[in-house]
Structures are given as structure tokens and as C-alpha cells.
Amino acid sequence: QQSLTFTRKDYKNYLQSKHMKSIQEGDTSAVLQYLQEKQMENPSFFYAIQVDEHEMMTNISWADARSILDFDFFGDVVCFDTTYITNNYGRPFALFVSVNHHKQTVVFWNSIVIQ
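1 is the number of the first residue of the sequence shown in this note's numbering; add one for each residue after it.
Set out below in C-alpha cells:
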């Protein structure tokens, strides 16, 4: 019987290839088009997309006008919450949140980590 080794790098490479296979062709274009449309509807809508050296999308972040305004008023204390791999696509979803003067949760920033 042969002993096989499985290094941390092997595991990371396996996961990355698995994640890339699950992203369907056209998904990237659809996301970009959606974000651009939101920004055209409201110029205060902000988004940022991070890409790697191969021009593959690695992170998507966005905030609407209400979130930006809420941050100005209630951004003294910010909580960073990651809902790890509970969405339909198995991607970490991160929120920057706080509480307003009515003790209601306000969301400042949203982010999906692709890789």
C-alpha cells in the first residue's frame, strides 16, 4: 500500500478549482451589469470588485446611499459579521453593521468573498 501525502497547498488548490468550477459562465457579467445599473439609478450607490492576477473576480463589495448615510450617523461602533458558507453558493458573506438610535440594526457595507 502506498502512502499519499496531501499538503495544505494541495487542499487550497483543490478548493480554489472547485470554487471556480461552480461559477457559471456569465455570472461575472451579470453581477457587474447589476451593480452598474444600481449605480446608474442612484449615483451614491458604491461598489468595488477585486480581481486577481488572472483577472478573476475574488471579492465583491457594495453599499447603497442609505447605508452610506447611516454610517455617517451611526458609524461610531461597527460590528463585522461573517455568515460563513451559508448562502446558496457556499461563499462567505460579510456585513459591516451597527445599531441606530431606535436599537435597529443598520447595514453599512456588504461583501461576498469568492476566493
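No residue lacks a Cβ here, since even glycine has one placed at the ideal position from N, Cα and C.
Residue closest to Val-106, alpha-carbon to alpha-carbon, out of Val-113, Leu-35, Val-97: Val-97
Where Ile-68 falls: helix, strand or coil (DSSP): helix
Assigned exposure category for Asp-52 - 16 Cβ within 10 Å defines buried: exposed
Euclidean distance between Cα positions of Asn-110 and Thr-82: 10 Å
CA nearest to the CA of Phe-45, picked from His-101, Val-31, Ala-63: Ala-63
Burial state of Asp-70 (16 or more Cβ within 10 Å): buried
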